[in-house]
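Under the numbering used here, the first residue of the sequence shown is numbered 127, with each subsequent residue one higher. Working notes for the structure below.
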Amino acid sequence: MATKITQLQIEQARQGDESSLAAIIAKLLPCIHIQAAKASCPGLDTEDAVQEGVIALFRAVQQYSFDKNASFETYAKQCVVNALVDAQKTAKRKKHSPLNESVPLEQDTAFAAGPEEIAIQNEEYHLAMHKIHTQLSAFEKEVLLLFLDGYSYSAIAQKLEKPAKTVANAMVRVRRKMKASKDAGDF
């Protein structure tokens, strides 16, 4: 019988407890992988879709209201689906047509995680968190946290009293650094 995500785990994850956040991610990562496989299309590969799904899960942890009728799992899954639909729409826009018309070298299949895979993913998560803490500047971390809290670029810019372009550039650097670490095999 699967364990349910508790209100205490959500609260601890909101306060920065990495083990609570890792437990939530481990519980919902198989669902994210399945939805990401469904959402993949030219311009949005499965790995990028999984990243979008995990970001949506981070936001769901921060934004979930305990007085709602829906369980956290239901809310989080819907947040992931909505984020992947948005990512898919963005990927299919004509402005990305040269990338969208390319043919992938390999096709990913639906993913079903077993206990070993969950343990590996948990380790990868901790490594990713370490990379975020060591590779991102203080400003980039601050922008990333506000973005994960659901703030728009303009709202982050206003909150930090910086130009919106500065915030957008910081997020580009965050994504580039995370992708570079991933491509280098660091996580």
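A virtual CB, placed ideally from N, CA and C, is assigned to each residue, including glycine. Small disclaimer: the values here were computed from a predicted structure and weren't measured.
My understanding is that residue 206 touches residue 158, with C-beta atoms under 8 Å, so please give their C-beta distance in whole angstroms.
Start at 1 with the first residue of the sequence shown, and residue 206 comes out as number 80. Start at 1 with the first residue of the sequence shown, and residue 158 comes out as number 32. That pair is a contact at about 6 Å.
Please determine if the region 283–301 and the region 259–273 are in contact, where contact requires at least 3 C-beta pairs separated by less than 8 Å.
In short, these stretches touch, since the Cβ pair count reaches three.
Where do the ends of the alpha helix (DSSP H) carrying residue 273 lie?
Taking the sequence shown and counting its residues from 1, one reaches residue 273 at position 147. Note, residue 273: alpha helix (DSSP H), 264–274.
By DSSP, does residue 234 sit in helix, in strand, or in coil?
Taking the first residue of the sequence shown as 1, we reach residue 234 at position 108. Reliability fails at residue 234, whose pLDDT of 49 lies under 50, so the model's placement of it is uncertain and the value that follows must be treated cautiously. In the structure shown, residue 234 sits in coil (DSSP, three-state: anything other than H, G, I, E or B).
For residue 129, collect the residues of the same chain with a Cβ closer than 7 Å to its Cβ; drop the 5 residues on either side in sequence, then sort them by chain order.
Taking the sequence shown and counting its residues from 1, the one referred to as residue 129 is at position 3. Same-chain partners within the cutoff: there are none.
For residue 161, I'd like the list of residues in its chain whose CB is within less than 7 Å of its CB, leaving aside the five on either flank, ordered along the chain.
If you number the sequence shown from 1, residue 161 lands on position 35. The answer, listed in chain order, is 179, 206, 207, 210.
With contact counted as at least three CB pairs below 8 Å, one residue from each stretch, are the region 190–199 and the region 267–287 in contact?
The region 190–199 vs the region 267–287: no contact.
For residue 235, which residues in the same chain have their Cβ closer than 8 Å to its Cβ, ignoring the five residues on either side in sequence?
Here residue 235 refers to the residue found at position 109 when the sequence shown is read from its first residue. Its pLDDT being 47, under 50, residue 235 is placed unreliably by the model, and nothing is read from it.
What does the alpha-carbon distance come out to for the pair residue 166 and residue 216?
On the sequence shown, residue 166 is found 40 positions in, with the first residue counted as 1. On the sequence shown, residue 216 is found 90 positions in, with the first residue counted as 1. Cα-Cα distance, rounded: 12 Å.
Could you spell out the range, first to last residue, of the alpha helix (DSSP H) harbouring residue 257?
For this step, residue 257 is matched to residue 131 along the sequence shown. Per DSSP, residue 257 belongs to the alpha helix (DSSP H) from 241–261.
Name the residue from 288, 304, 213, 256 whose alpha carbon lies nearest to the alpha carbon of residue 168.
Position 42 of the sequence shown, counted from the start, is the residue given in the question as residue 168. If we check each option's Cα against that of residue 168, 213 comes out closest.
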